[in-house]
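Beneath this line is the structure, given in structure tokens, with notes to follow.
What follows is the structure, encoded as structure tokens:
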């Protein structure tokens, strides 16, 4: 089948890797999968509008200044190098009706497409199936912040989701939030595409001789900073950050490709992620780590670590010595979840194929 994948892929390297991981997985299953161009959303999301409108016309020195002030814009500029070779729909096709004619079905997900309560994401009707005239399935869509919505939005969401052939979400909180709006829906939980298809993990990469601990995240509170600084001093390691600059770190690793980003995880001696995908990158690279939760992203990181039975890696103020992670056990758990998630995808696409136009 020809599949359109509706997701985000240029906000940061977490969004990029989850999109490409799912696209490659669908292709490995024998389908022709095309990422739906993000520009269909640029007039609804101001950050996308700014990046796609002004990036082509700004002089480089202005881009560099903005990139230092706004990490998301810097990531967008770097990710452009990686997206050039992806199979993406033409930018001039922005109408849902035209896109519906282009594919046999649409896969919506992953990432926080259904967290419609947040200011940064907002409500996009097409994410909830509204306007499409084509079979729809979701994969690992996150609705962790689908709360405090008005009756009109709830009605629209219910109407849209009721038309899906199959629905899966990324965590139990998302499942609860979706079921509150549409109780009669059958909803499954599956793992994030980066865990489903970790195509990007470097092989045979050794820890750097000049030892460093890696920070991946925007927000670290005073207690977290103190712990990281003391840990690095005890281990005689530098503090390096990637993605977001931290003025208390020793070095900012300004990566320019997705491959370089993964190498910063692979060669680190220890990781301190504060994001969902940063935590996954630490796990997939078999790194010892402590997750630094924050109000913005902490909920989904906590749910991930509870799922993998790694919630003892969450930072707490009285944290001292921590046990070494047994990655054989972790891989066994991931493989179990991966099998269940693959079964969902296979069954959902088989159900869609029954009604595909010949």
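In the numbering used here, the protein residues as written are 1317 to 1674.
Using N, Cα and C, we set each Cβ at its ideal position, and we do this for glycine too.
For residue 1519, there is no enclosing alpha helix (DSSP H), since its DSSP letter is neither H nor E. In this structure the stretch 1590-1597 lies against the stretch 1611-1631, because at least three pairs of beta carbons, one per stretch, are closer than 8 Å. Counted as a single uninterrupted DSSP element, the stretch harbouring residue 1442 is not any beta strand (DSSP E), since DSSP gives it neither H nor E.
Residue 1351 is positioned such that its CB atom lies closer than 8 Å to that of residue 1405. Distance between residue 1468 and residue 1499, taken at the CA atoms: about 17 Å. Here residue 1530 is buried, its C-beta having at least 16 other C-beta atoms within 10 Å. For residue 1504, the enclosing beta strand (DSSP E) stretches over residues 1503-1505. Pairing residue 1343 with residue 1482 gives a Cβ-Cβ distance that is not under 8 Å. Around the beta carbon of residue 1556, 16 or more other beta carbons sit within 10 angstroms, so the residue counts as buried. Assignment of residue 1327 by DSSP, reduced to helix, strand and coil, places it in the coil class. In the DSSP assignment, residue 1320 falls within the unbroken beta strand (DSSP E) covering 1318-1322. Shown here, residue 1641 sits in coil according to DSSP, grouped into three states, outside any helix or strand.
Within the same chain, Cβ atoms closer than 7 Å to the Cβ of residue 1625 are found at 1649, the five residues on either side in sequence being excluded.
Here residue 1521 is exposed: its Cβ has fewer than 16 other Cβ atoms, across all protein chains shown, within 10 Å. The alpha helix (DSSP H) runs of length 4 or more contained entirely in the stretch 1448-1498 are, from start to end of the chain, 1467-1477 and 1488-1497. CA-to-CA, the gap between residue 1503 and residue 1488 works out to about 10 Å. Here residue 1570 is exposed, its C-beta having fewer than 16 other C-beta atoms within 10 Å. Residue 1609 carries a coil assignment under DSSP once its states are collapsed to helix, strand and coil. Straight through space, the alpha carbons of residue 1640 and residue 1444 are spaced by roughly 41 Å. Taking a contact to require three or more Cβ pairs closer than 8 Å, the stretch 1602-1609 and the stretch 1627-1636 qualify as touching. Annotation: the continuous alpha helix (DSSP H) that includes residue 1538 extends over 1538-1550. Between residue 1501 and residue 1479, the gap from beta carbon to beta carbon reaches 8 Å or more. Taking the C-beta atoms as reference points, residue 1416 is found nearer than 8 Å to residue 1450. When DSSP states are grouped into helix, strand and coil, residue 1500 belongs to the coil group. Under the three-state reduction of DSSP, residue 1404 is assigned to strand.
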